[in-house]
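Residue numbers (the working numbering), protein chains in the order written: chain A, 31 to 221; chain B, 31 to 221.
There are 2 protein chains.
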Amino acid sequence: MAHISIIGTGNMGQAIAGVFGKGGHSVQLLGQSDGSTPVTGDIVVLAVPYSAVAAIVAERGQSLAGKTVVDITNPVNFETFDSLVVPADGSATAQIAQSLPQSNVLKAFNTTFAATLASGLVGPNTTTVLIAGDDADAKSQLADAIAAGGLTVIDAGPLARARELESLGFLQISLAAGEKISWTGGFGVVA
Amino acid sequence: MAHISIIGTGNMGQAIAGVFGKGGHSVQLLGQSDGSTPVTGDIVVLAVPYSAVAAIVAERGQSLAGKTVVDITNPVNFETFDSLVVPADGSATAQIAQSLPQSNVLKAFNTTFAATLASGLVGPNTTTVLIAGDDADAKSQLADAIAAGGLTVIDAGPLARARELESLGFLQISLAAGEKISWTGGFGVVA
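Here it is as structure tokens:
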């Protein structure tokens, strides 16, 4: 069993904690008031908005060395809903990986709305978590931990694919914000 | 009923012709040997690979003025399968729109594999065609023509969203090429 720390107690943090809990893993859930609590997980999920990541990295970066760090963000420009706030050829994940060179940084959970993590379903489809990253062992460890919670996991490729995962996340959010789909739906993956 | 020209007789051209045929629309299907045949449709689908678009635009551009032109391409670097060959902040559709200023250029069909257009299904989900473009009337006309063929249609937003649709198409192709999903599956949309 893995021990997983989740920083962030919002909808996504809670839903992700639920997935790992179902899989029988131990979860440390850390909120804003737990800034002085050491992170104990082997896998650390940054379940916070993109705008909050830099402060966490600055504060906890040293303690994340050697760990698998999971970025779930969608760096959408929430003023315009018309673009991302990261460079067009990059990703939030690439930025975080650069600022945490001693951690294994992965992208995951950004293409699944919280409700679909909690229910395990996107309409008639089992919820699928797409993972991108360059460390095969870290991806495999995370994939096993998620699959134990009843979700499907697909290795979407190297860290560079985080760009496409963030585009997909942005598209899905823009469709939901525009009421073309609901926040309980979205993109289901059919293998 | 709409009259639709499809340039390209490959898997995608045939599958798209099938959708419009089911909807009771008249379809002109033009292949490589039909270069001298005038395009008669009000809607013209460029059902060719990205690398073949520039020659068609050069040859037929004048005759496409005033028409709705549908770009279905995924401008993937098929040598590396690791990037797109268009600028990271742009899209093939934006390039085509720039070279056809007198046409209403839309993105559609690039996120649906041919098999899912033919069957009408992505696993248990009705196949959904995502459309992006800046001309509301052109989008509405195309959406009606597709919906008549039994598929779901979602207006994914302005032409700028073609970037995200191409990212999604690229991701889907890379997953299928890597045998993580099949060419009859992919991303189903749950409203």
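Where a beta carbon is used, it is the ideal one built from N, C-alpha and C, also for glycine.
{"Item": "Range covered by the beta strand (DSSP E) that runs through residue 134 of chain A", "Value": "134 to 137"}
{"Item": "Cross-chain neighbours of residue 155 of chain A in chain B, by beta carbon under 8 Å", "Value": "153, 154, 155, 218 and 220"}
{"Item": "Between the CA atoms of residue 97 of chain A and residue 134 of chain A - distance to the nearest angstrom", "Value": "6 Å"}
{"Item": "Status (buried if at least 16 other CB within 10 Å, exposed otherwise) for residue 89 of chain B", "Value": "exposed"}
{"Item": "Minimum Cβ-Cβ distance from residue 179 of chain A to chain B less than 8 Å", "Value": "no"}
{"Item": "Interface flag, residue 121 of chain B vs chain A, CB-CB below 8 Å", "Value": "no"}
{"Item": "For residue 116 of chain B, three-class secondary structure by DSSP", "Value": "coil"}
{"Item": "Simplified DSSP state of residue 41 of chain A, which is helix, strand or coil", "Value": "helix"}
{"Item": "Nearest-angstrom Cα separation, counted from residue 163 of chain A out to residue 137 of chain B", "Value": "30 Å"}
{"Item": "Buried versus exposed call for residue 109 of chain A [16 or more other C-beta atoms within 10 Å across all chains shown]", "Value": "exposed"}
{"Item": "Buried versus exposed call for residue 241 of chain B [16 or more other C-beta atoms within 10 Å across all chains shown]", "Value": "Residue 241 of chain B is absent from the model: chain B starts at 31 and stops at 221."}
{"Item": "Cβ shell of residue 209 of chain B (< 7 Å), same chain only, five flanking positions each side left out", "Value": "none"}
{"Item": "Positions along the stretch 36 to 54 of chain B whose CB lies within less than 8 Å of some CB in chain A", "Value": "none"}
{"Item": "Identity of the residues DSSP links to residue 185 of chain A by a beta bridge", "Value": "A:161"}
{"Item": "Residue 217 of chain B and residue 141 of chain B closer than 8 Å at C-beta", "Value": "yes"}
{"Item": "Distance between residue 168 of chain A and residue 51 of chain B (C-alpha atoms, nearest Å)", "Value": "49 Å"}
{"Item": "Within-8 Å CB hit, residue 112 of chain A to chain B", "Value": "yes"}
{"Item": "Range covered by the alpha helix (DSSP H) that runs through residue 195 of chain A", "Value": "192 to 207"}
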